[in-house]
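Engineer: Each residue of the sequence shown is one higher than the one before, starting from 1 at the first, in this note's numbering. To start, I am sharing the structure in question, which I have written as structure tokens.
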Amino acid sequence: MKRTLSRASILALVLGVALVSPAGPAQAAGNTLTVDVGSVVRPVTHVGSGGLYGVGSNSKPTTDQLLPLSPSGFTQPAPGTTHLGNGATEPCCDALDVAGNITRAGAQQLVRMPDIYPSFPYQWQGWADWEQKVRTMVQKRLAATSTTNIRGWELWNEPDWTWNTSAAGSFNDGWTRTHRLIRSLDPVTPIVGPSDSHYSHSRMLSFLTHARDTGTLPDVIVWHELGDMDWNSFDDHVADYRAIENQLGISPRPIAINEYNSLNQMDIPSVAVHWISVLERHGAREAHRAYWFEAGTFDGLFTLQGQPTASYWAYRWYGAMAGNVVRTTPQSWLDGVAAYDSSRKIVNVVLGGDSGNNSVRVNGLGSFGSSVQVTVNAVPGSGRHTHVAAPTVLSTSTLAVSNGSVTVPVNGMTAEGAYQVVVTPAGGPTSSWQQVYEAENANVVNAQTRGSSAASNGSYVGGIDGTADMRSQSFVDFTVNVPTARSYTMAVRYANGTGSTSTHGLAYNGGAFSTVSYPPTAGWGQFGTTNVTVSLRAGYNVIRLAKGSPNFGGGTGYAELDSITLS
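Spelled out as structure tokens, the structure:
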């Protein structure tokens with residue numbers, strides 16, 4: 001049975017009403033979220049900031065609305081979709097139609113193939129019909145030679161209840177048949193699945209055994225987390241899945257949760273915080289907010305009029321994280337996610353889930369000095385139809401650091417609201433605007449994030465090798481936010497172990513490419529710096545460094561990227 005926690009039941013918990021579920025937050029909670037700045041979980045990639053049907057068109061939401069949220073990825077309907085989701089009167093948001101908006105926002109997308117059907121649950125029309133649909137979808141994608149952000153084919157959606165076994169045979173056999181057809185047409189684009197509506201040990205074991213034995217394993221493992229309070233079970237699901245991989249001798253696959261959060265809790269900011277926290281903590285590659293209502297609102301982060309909601313601000317705080325996600329330890333219902341940007345000395349904590357007077361204890365602040373500046377912000381628990389123009393500043397204070405730690409009070413919390421704690425040295429951040437952008441925090445396409453003590457923040461991006469076509473070209477897109485329109489010096493920290501000069505293409509905001517040259521360094525993972533000039537507009541800009549990219553002839557040699565610094 002699913003444990004349910006609707007908006008009304010959250011309020012009941014705050015009031016102390018007994019429910020048949022785990023004990024909820026008491027009125028005088030007094031809990032503490034602990035943040036360990038020195039304990040790195042992984043580089044910031046904004047795992048939880050994706051959406052199913054989150055982009056409704058090439059302009060809704062606008063690119064300018066998306067950029068502050070640092071979206072990681074989306075799941076969008078197939079090319080040529082006829083799907084009428086959630087009472088829509090016309091098909092929405094074909095992956096190829098919205099690709100430009102998603103690319104400009106620095107994100108990638110998975111393509112949901114069964115959304116070629118008009119209704120849900122899907123009405124199976126036979127294998128000949130389905131295979132012709134698959135051929136048409138793949139051919140349309142292959143013809144879109146400037147679209148680089150298709151990160152995977154999702155072969156089916158929620159087969160545990162939408163696959164027509166009586167007409168189509170078993171799903172496992174159908175998966176293998178479809179997988180082989182796609183691979184005959186497109187041997188490059190990753191394939192993702194099985195995309196069940198919930199995690200099931202028995203179904204996952206059966207699916208992976210069959211896929212292994214038929215040579216049709218997915219490149220990325222997908223399932224959905226759609227029950228009330230399912231964040232409580234996510235760690236168990238991940239552990240169980242990894243145990244199955246080990247049992248079957250399957251190399252570890254990335255995990256994508258391309259639908260998360262329940263119908264009842266979708267528009268509750270604190271629930272979003274719970275989800276973001278566990279997704280980061282337990283190793284998802286990406287996760288997409290569920291599509292319960294209107295397309296094009298980023299699943300309720302914007303009202304129907306395109307205005308920010310309370311949940312929007314929780315994701316915007318999350319989107320502002322840079323550097324490394326660091327370890328957080330929840331207490332009772334109080335949970336959160338935190339990041340440390342060492343280049344500016346900023347600790348950014350987003351928290352929620354409890355009521356009353358609570359606190360955040362931040363450890364590992366020895367380099368911040370004897371005192372720190374702290375700001376606490378809040379947004380209410382209002383839903384997707386309520387415009388919240390800005391967060392409320394609850395407090396600004398200077399607190400003494402004791403043994404490298406500080407405890408920040410967060411008083412008057414509500415169980416539905418979301419909160420942000422920002423900690424800097426007493427004089428404020430070391431820079432008034434972010435100047436250093438780590439490659440591992442950027443949108444990394446067809447390349448790999450690797451660890452090294454020589455890298456500026458412990459990680460860098462290597463394997464930037466692909467030039468063949470839009471499916472395999474390798475590049476890194478940095479989303480930067482600058483205070484004024486002017487020319488900036490961009491220092492690129494790189495490694496080049498080839499022994500001779502290598503090159504990348506450089507473009508920004510969709511403009512023409514120029515060339516960046518990388519003289520040899522002492523070896524791979526051994527970094528040097530080269531400077532170039534970029535003319536940026538005030539606000540957000542997307543800077544691409546590419547080995548291969550549309551409208552670029554391709555770089556020479558090979559180079560790894562650590563960071564860029566703007567000045």
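Cβ coordinates follow ideal geometry from the N, Cα and C atoms, glycine included.
Got a sec? Which residues, its chain only, sit under 6 Å from H210 by beta carbon, not counting five neighbours each side?
Structural biologist: As a working note, residue 210 is residue 210 in the sequence shown. Counting only Cβ-Cβ distances below 6 Å, and skipping sequence neighbours, we find N172.
Engineer: Could you tell me the alpha carbon to alpha carbon distance between V278 and T501, rounded to whole angstroms?
Structural biologist: Within the sequence shown, numbered from 1, the residue matching residue 278 stands at position 278. Within the sequence shown, numbered from 1, the residue matching residue 501 stands at position 501. Rounded to the nearest angstrom, the two C-alpha atoms are 43 Å apart.
Engineer: Give the C-beta separation of S72 and T45 to the nearest angstrom, bearing in mind that I take them to be a contact with Cβ-Cβ under 8 Å.
Structural biologist: Taking the sequence shown and counting its residues from 1, one reaches residue 72 at position 72. Taking the sequence shown and counting its residues from 1, one reaches residue 45 at position 45. Indeed they touch by this definition, with Cβ atoms about 6 Å apart.
Engineer: Measuring only the C-alpha atoms, how far is F120 from G548?
Structural biologist: Counting from 1 along the sequence shown, the entry for residue 120 is found at position 120. Counting from 1 along the sequence shown, the entry for residue 548 is found at position 548. Cα-Cα distance, rounded: 39 Å.
Engineer: Please list, in chain order, all residues of the same chain as P79 whose beta carbon is under 7 Å from its beta carbon, the five residues on each side excluded.
Structural biologist: Stepping through the sequence shown from its first residue, residue 79 is reached at position 79. Correct list, in chain order: D94, A95, L96, M137, K140 and R141.
Engineer: Skipping 5 residues on each side, what residues in its chain have a beta carbon closer than 6 Å to that of P483?
Structural biologist: The count along the sequence shown starts at 1 and reaches residue 483 at position 483. Within the same chain, P483 has close Cβ partners W433.
Engineer: One question on the structure: do W153 and T189 come within less than 8 Å of each other, judged by their Cβ atoms?
Structural biologist: Translated into positions along the sequence shown, residue 153 becomes position 153. Translated into positions along the sequence shown, residue 189 becomes position 189. A contact, by the Cβ cut-off of 8 Å.
Engineer: Could you tell me the alpha carbon to alpha carbon distance between V516 and V192, rounded to whole angstroms?
Structural biologist: Mapped onto the sequence shown, residue 516 falls at position 516. Mapped onto the sequence shown, residue 192 falls at position 192. Approximately 35 Å, taken between the alpha carbons.
Engineer: Exposed or buried, A495, counting other C-beta atoms within 10 Å across all chains shown (16 or more means buried)?
Structural biologist: Within the sequence shown, residue 495 is the residue found at index 495, counting from 1. That one is buried.
Engineer: State yes or no: is the C-beta of N348 within less than 8 Å of the C-beta of V410?
Structural biologist: The count along the sequence shown starts at 1 and reaches residue 348 at position 348. The count along the sequence shown starts at 1 and reaches residue 410 at position 410. Contact: no.
Engineer: Helix, strand or coil: how does DSSP classify M470 here?
Structural biologist: As a working mapping, residue 470 is identified with position 470 in the sequence shown. In the structure shown, M470 sits in coil (DSSP, three-state: anything other than H, G, I, E or B).
Engineer: On the criterion of 16 or more Cβ atoms from any shown chain inside 10 Å, does P130 qualify as buried, or is it exposed?
Structural biologist: Position 130 of the sequence shown, counted from the start, is the residue given in the question as residue 130. According to the sequence displayed, residue 130 carries Trp and not Pro. Its Cβ being crowded by 16 or more others within 10 Å, W130 is buried.
Engineer: If you compare alpha carbons, which of F293, A320 and V350 is closest to S270?
Structural biologist: Residue mapping note: residue 270 aligns to position 270 of the sequence shown, counting from 1. Of the listed residues, the one whose Cα sits closest to S270 is V350.
Engineer: Under 6 Å Cβ to Cβ from V532, same chain only, skipping five residues before and after it: list those, please.
Structural biologist: Looking up residue 532 in the sequence shown gives position 532. Closer than 6 Å at Cβ, skipping near neighbours: M490 and V516.
Engineer: From which residue to which residue does the beta strand (DSSP E) around I276 run?
Structural biologist: Taking the first residue of the sequence shown as 1, we reach residue 276 at position 276. Element bounds for I276: not the beta strand (DSSP E) but the alpha helix (DSSP H), P269 to R281.
Engineer: Check the DSSP bridge columns for Q265 and list the partner residues they point to.
Structural biologist: For the purposes of this step, residue 265 is taken as the residue at position 265 of the sequence shown. None, per the DSSP bridge assignment.
Engineer: How many angstroms separate the CA atom of G584 from the CA atom of A256?
Structural biologist: No answer is possible for residue 584: it lies beyond the span of the chain, which begins at 1 and ends at 567.
Engineer: Less than 8 Å separating the beta-carbons of V40 and G366?
Structural biologist: On the sequence shown, position 40 is the one that residue 40 refers to. On the sequence shown, position 366 is the one that residue 366 refers to. Not in contact: V40 and G366 (Cβ atoms no closer than 8 Å).
Engineer: Within 10 angstroms of the Cβ of H201, are there 16 or more other Cβ atoms? Answer buried if so, exposed if not.
Structural biologist: As a first step, residue 201 is located in the sequence shown; it is residue number 201 there, counting from the start. It counts as exposed.
Engineer: I need the straight-line Cα distance from G16 to M229, nearest angstrom please.
Structural biologist: Numbered from its first residue, the sequence shown carries residue 16 at position 16. Numbered from its first residue, the sequence shown carries residue 229 at position 229. Any reading at G16 is ruled out, since the residue's pLDDT is 34, under 50, leaving its predicted position unreliable.
Engineer: Leaving out five residues before and five after G383 in sequence, what residues of the same chain have Cβ atoms less than 6 Å from its Cβ?
Structural biologist: Indexing the sequence shown from 1 puts residue 383 at position 383. Closer than 6 Å at Cβ, skipping near neighbours: D267.
Engineer: Just to confirm the assignment, what range does the alpha helix (DSSP H) spanning T176 have?
Structural biologist: As a first step, residue 176 must be located in the sequence shown, where it is residue number 176. Unbroken alpha helix (DSSP H) run through T176: F171 to L185.
Engineer: With burial defined as no fewer than 16 other Cβ atoms inside 10 Å of the residue's Cβ, what is the status of D562: buried or exposed?
Structural biologist: On the sequence shown, position 562 is the one that residue 562 refers to. Buried, by the Cβ-count rule.
Engineer: Hey, how far is the Cα of W231 from the Cα of K133?
Structural biologist: Walking along the sequence shown from the start, residue 231 turns up at place 231. Walking along the sequence shown from the start, residue 133 turns up at place 133. Distance between the alpha carbons of W231 and K133: 36 Å.
Engineer: I'd like the span of the alpha helix (DSSP H) that includes R203, first residue to last.
Structural biologist: In the sequence shown, residue 203 corresponds to position 203, counting from 1. Counting along the chain, the alpha helix (DSSP H) containing R203 begins and ends at H201 to T214.
Engineer: What did DSSP end up calling W153 once you bin it into helix, strand or coil?
Structural biologist: Position 153 of the sequence shown, counting from 1, holds the residue named residue 153. Strand.
Engineer: With a threshold of 7 Å on Cβ separation, who are the neighbours of A400 within its own chain once the five nearest residues in sequence on each side are excluded?
Structural biologist: By 1-based counting over the sequence shown, the position of residue 400 is 400. So the list reads S370 and S371, once near-sequence residues are dropped.
Engineer: From T165 to L155, what distance separates their C-alpha atoms?
Structural biologist: Numbered from its first residue, the sequence shown carries residue 165 at position 165. Numbered from its first residue, the sequence shown carries residue 155 at position 155. Approximately 16 Å between the Cα atoms of the pair.
Engineer: Let me know the secondary structure DSSP gives A504 once reduced to three states.
Structural biologist: Counting from 1 along the sequence shown, the entry for residue 504 is found at position 504. Before going on, a small fix: residue 504 reads as His here, not Ala. Reduced to three states, the DSSP call for H504 is strand.
Engineer: In this structure, does DSSP put D235 in helix, strand or coil?
Structural biologist: The residue you call residue 235 lines up with position 235 of the sequence shown. Three-state DSSP puts D235 in a helix.
Engineer: In whole angstroms, what is the alpha-carbon distance linking R289 and T498?
Structural biologist: Taking the sequence shown and counting its residues from 1, the one referred to as residue 289 is at position 289. Taking the sequence shown and counting its residues from 1, the one referred to as residue 498 is at position 498. So the alpha carbons of these two residues sit roughly 42 Å apart.
Engineer: Between R573 and the rest of its own chain, which residues show a CB-CB distance below 7 Å, the 5 nearest in sequence each way excluded?
Structural biologist: Residue numbering for the chain in the displayed model covers 1 to 567; residue 573 lies beyond these limits and cannot be assessed.
Engineer: With contact counted as at least three CB pairs below 8 Å, one residue from each stretch, are the segment 389 to 405 and the segment 442 to 460 in contact?
Structural biologist: No, because fewer than three Cβ pairs between the segment 389 to 405 and the segment 442 to 460 fall closer than 8 Å, the two stretches do not touch.
Engineer: Leaving out five residues on either side along the sequence, give the residues of the same chain with a beta carbon under 6 Å from the beta carbon of P22.
Structural biologist: Position 22 of the sequence shown, counting from 1, holds the residue named residue 22. Since pLDDT at P22 reaches only 36, below the 50 mark, its modelled position is unreliable, and no value is offered.
Engineer: Taking 8 Å as the threshold (C-beta atoms), are G85 and A295 in contact?
Structural biologist: Here residue 295 is taken as the residue at index 295 of the sequence shown, counted from 1. Here residue 85 is taken as the residue at index 85 of the sequence shown, counted from 1. Yes, these two residues count as a Cβ contact at 8 Å.
Engineer: Count the other C-beta atoms from every protein chain shown that fall within 10 angstroms of the C-beta of A28, then say buried if there are 16 or more, exposed otherwise.
Structural biologist: One-based indexing of the sequence shown puts residue 28 at position 28. Because A28 carries a pLDDT of 48, less than 50, the predicted location of this residue cannot be relied on, and no value is offered for it.
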